[in-house]
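One structure below.
Numbering (the numbering used here), first residue to last: 848 to 1216.
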């Protein structure tokens, strides 16, 4: 019996250290700031190839200057470094968009648009010096819309026909010169007194009427004044095009940071951000209804709390900030995300002062939130 107890005691004493947890030392700045080259690097940025055959990730097991692209497969779990040809031909994960049943997809590479059908056959859609981007399937997956030089185009998969959907033009629409009362009287009097002028006017009016009757409908020109167009998105049914117009904030002065360590040996300036409280860039959201050929501005007056002042305004009653007429704050938009029918969309609205964010439902037919 004594021998048995001695054996159990010996077993406990010898096995317990094997399962004891290692005592961790205190966390110091030196440990936190250790270079990854000393402690090893972990894989990062994993993503699947479009055909689901490869799982790519960034890794640096060789402790090189930067990470390299590696991959594994479902049957081979050993990491392999991607070849130069593989890196050049595999599209970026962020550029791939799928059709509704996920049987085909489109992507952009080196500024051109590509389409891969259900049989995994790839077709090059564009080969231009312009940069094509932001592909999306529309019209029941029969077309692919994309952006080129800020305008939106649609490529029909069956026929290969490319159609321009928007025509954004810098500046404002030109207006015909109007005559004052005296000029109108002089013009009418000159025509009344001259048979030649009357004949010329009749021919001109007839030609204009004929051209108006036979003229094909042109794509509407959308004038953007001095603003920049960005974020154009087509609804799934192809009827609506949402886009944003933005203008740099006026009188927003950036801070200057001196850079003393330069290859030239001379101090250079680095443009920093603006000071806190400086005017911020804001954007406007518009909807182009291609069916009705109209452009509507999405108004933000009905957003709950759009005129609310920041809470700190209550601490300054002497400034009388709480008694001023409420003014709608400037905002920025993100989205939209459409439903499958293209009749509704969800959009994110952020106030330019970064105090509020709203998730709103957009009715594109009426441009209301």
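Note that the Cβ used here is the ideal one computed from N, Cα and C, for glycine as well.
In terms of residues, what are the limits of the beta strand (DSSP E) holding residue 983?
-> Counting from one through the chain shown, the residue named residue 983 turns up at place 136. Element bounds for residue 983: 979-985.
Is there contact between the segment 1136-1145 and the segment 1205-1215, where contact requires at least three CB pairs shorter than 8 Å?
-> yes
Nearest-angstrom Cα distance between residue 914 and residue 907?
-> Taking the first residue of the chain shown as position 1, residue 914 is located at position 67. Taking the first residue of the chain shown as position 1, residue 907 is located at position 60. Rounded to the nearest angstrom, the two C-alpha atoms are 5 Å apart.
Should residue 1093 and residue 1128 be called a contact, given that it needs their Cβ atoms to be closer than 8 Å?
-> Counting from one through the chain shown, the residue named residue 1093 turns up at place 246. Counting from one through the chain shown, the residue named residue 1128 turns up at place 281. In this structure, residue 1128 lies closer than 8 Å to residue 1093 by Cβ.
Helix or strand or just coil, what does DSSP make of residue 995?
-> As a first step, residue 995 must be located in the chain shown, where it is residue number 148. Reduced to three states, the DSSP call for residue 995 is strand.
How far does the beta strand (DSSP E) with residue 936 in it reach, from first residue to last?
-> As a first step, residue 936 must be located in the chain shown, where it is residue number 89. It is not in any beta strand (DSSP E) - residue 936 instead sits in the alpha helix (DSSP H) that spans 931-936.
Smallest Cα separation from residue 1200: which of 990, 1153, 1214, 1185?
-> Position 353 of the chain shown, counted from the first residue, corresponds to residue 1200. The shortest Cα separation from residue 1200 among 990, 1153, 1214, 1185 belongs to 1153.
Would you grab the beta carbon distance between residue 996 and residue 983 for me? Rounded to a whole angstrom, and I think it's under 8 Å.
-> Here residue 996 is taken as the residue at index 149 of the chain shown, counted from 1. Here residue 983 is taken as the residue at index 136 of the chain shown, counted from 1. About 17 Å; that fails the 8 Å criterion.
Does residue 1194 come within less than 8 Å of chain B when only Cβ atoms are used?
-> This model lacks chain B altogether; it includes just one protein chain.
According to DSSP, is residue 1043 helix, strand or coil?
-> As a working note, residue 1043 is residue 196 in the chain shown. DSSP places residue 1043 in helix when its eight states are reduced to three.
What number of angstroms, rounded off, separates the C-alpha of residue 999 from the C-alpha of residue 1044?
-> Taking the first residue of the chain shown as 1, we reach residue 999 at position 152. Taking the first residue of the chain shown as 1, we reach residue 1044 at position 197. If I take the Cα positions, the gap works out to 46 Å.
Using a threshold of 8 Å, state whether the C-beta atoms of residue 985 and residue 1081 are closer than that.
-> Counted from its first residue, the chain shown places residue 985 at position 138. Counted from its first residue, the chain shown places residue 1081 at position 234. A contact, by the Cβ cut-off of 8 Å.
Rounded separation between residue 1084 and residue 987 - CA only = Counting from one through the chain shown, the residue named residue 1084 turns up at place 237. Counting from one through the chain shown, the residue named residue 987 turns up at place 140. Their backbone Cα atoms lie some 7 Å apart in a straight line.
In chain order, what residues of the same chain lie with their CB nearer than 6 Å to the CB of residue 928, ignoring the 5 residues before and after it?
-> Here residue 928 refers to the residue found at position 81 of the chain shown. Only 915, 917 meet the Cβ criterion.
With DSSP run on the structure shown, which of helix, strand or coil describes residue 911?
-> As a working mapping, residue 911 is identified with position 64 in the chain shown. In the structure shown, residue 911 sits in coil (DSSP, three-state: anything other than H, G, I, E or B).
Hey, would you say residue 1176 sits closer than 8 Å to residue 1130, going by beta carbons?
-> In the chain shown, counting from the first residue as 1, residue 1176 sits at position 329. In the chain shown, counting from the first residue as 1, residue 1130 sits at position 283. Taking 8 Å as the Cβ cut-off, residue 1176 and residue 1130 do not qualify as a contacting pair.
Using a Cβ-Cβ cut-off of 7 Å (strictly less than) and excluding sequence neighbours within five positions of residue 1114, which residues of its own chain qualify?
-> Within the chain shown, residue 1114 is the residue found at index 267, counting from 1. Result list for residue 1114: 1105, 1106, 1107, in chain order.
Buried or exposed: which applies to residue 962, given that a residue is buried once 16 or more other Cβ atoms fall within 10 Å of its Cβ?
-> Position 115 of the chain shown, counting from 1, holds the residue named residue 962. Buried is the call here.
Measure from the alpha carbon of residue 1065 to the alpha carbon of each residue in 1140, 924, 1047, then state which is nearest.
-> Along the chain shown, read from residue 1 onward, the residue named residue 1065 stands at position 218. Comparing Cα-Cα distances from residue 1065 to each of 1140, 924, 1047, the minimum goes to 1140.
From the DSSP output, in three-state form, read off residue 1159 for me.
-> Working through the chain shown from its first residue, we reach residue 1159 at position 312. Three-state DSSP puts residue 1159 in a helix.
Distance, residue 872 Cα to residue 863 Cα = Locating residue 863 in the chain shown gives position 16, where the first residue counts as 1. Locating residue 872 in the chain shown gives position 25, where the first residue counts as 1. Any reading at residue 863 is ruled out, since the residue's pLDDT is 45, under 50, leaving its predicted position unreliable.
Length of the line joining the Cα atoms of residue 965 and residue 898 = In the chain shown, residue 965 corresponds to position 118, counting from 1. In the chain shown, residue 898 corresponds to position 51, counting from 1. If I take the Cα positions, the gap works out to 11 Å.
Exposed or buried, what is residue 1077 when buried is set at 16 or more other beta-carbons lying within 10 Å of its beta-carbon?
-> The count along the chain shown starts at 1 and reaches residue 1077 at position 230. Answer is exposed; the Cβ neighbour count stays below 16.
From what residue to what residue does the beta strand (DSSP E) around residue 956 run?
-> Within the chain shown, numbered from 1, the residue matching residue 956 stands at position 109. Segment 952-956, the beta strand (DSSP E) holding residue 956.
Below 8 Å on the Cβ atoms is my guess for residue 905 versus residue 891; work out the distance and round it to an integer in Å.
-> As a working note, residue 905 is residue 58 in the chain shown. As a working note, residue 891 is residue 44 in the chain shown. Correct: roughly 5 Å between the Cβ atoms.
Residue 1188 versus residue 923: straight-line alpha-carbon distance, rounded = As a first step, residue 1188 must be located in the chain shown, where it is residue number 341. As a first step, residue 923 must be located in the chain shown, where it is residue number 76. Residue 1188 and residue 923: Cα-Cα distance of roughly 42 Å.
Which term fits residue 925, buried or exposed, when burial requires 16 or more other beta carbons within 10 angstroms of its beta carbon?
-> Taking the chain shown and counting its residues from 1, the one referred to as residue 925 is at position 78. By the 10 Å Cβ count, residue 925 comes out exposed.
Just reading off the beta strand (DSSP E) that residue 877 is part of, what are its end residues?
-> Numbered from 1 along the chain shown, position 30 holds the residue referred to as residue 877. Counting along the chain, residue 877 falls outside any beta strand (DSSP E), though it belongs to the alpha helix (DSSP H) covering 876-879.
Give me the Cα-Cα distance between residue 867 and residue 910, rounded to the nearest whole angstrom.
-> Looking up residue 867 in the chain shown gives position 20. Looking up residue 910 in the chain shown gives position 63. Below a pLDDT of 50, predicted positions are generally treated as unreliable, and residue 867, at 47, falls in that range; no measurement from the model is reported.
Find out if the Cβ-Cβ distance for the pair residue 1088, residue 989 is shorter than 8 Å.
-> Against the chain shown, residue 1088 aligns to sequence position 241. Against the chain shown, residue 989 aligns to sequence position 142. No; because the gap between Cβ atoms is not below 8 Å, this pair is not in contact.
Ignore the nearest five residues each way along the sequence and tell me which others in residue 1101's own chain have a CB closer than 8 Å to its CB.
-> Here residue 1101 is taken as the residue at index 254 of the chain shown, counted from 1. 1118, 1119, 1120, 1121.
Under 8 Å between C-beta atoms of residue 1178 and residue 1196 = Within the chain shown, residue 1178 is the residue found at index 331, counting from 1. Within the chain shown, residue 1196 is the residue found at index 349, counting from 1. Closer than 8 Å, so yes.
Looking only at C-alpha atoms, which of 1198, 1191, 1205 sits nearest to residue 1213?
-> The sequence position of residue 1213 within the chain shown is 366, counting from 1. Out of 1198, 1191, 1205, 1191 has the C-alpha closest to the C-alpha of residue 1213.
Could you name the residues of the same chain whose beta carbon sits closer than 8 Å to that of residue 920, not counting the 5 residues immediately before and after it, in chain order?
-> Taking the first residue of the chain shown as position 1, residue 920 is located at position 73. 900, 901, 902, listed in sequence order.
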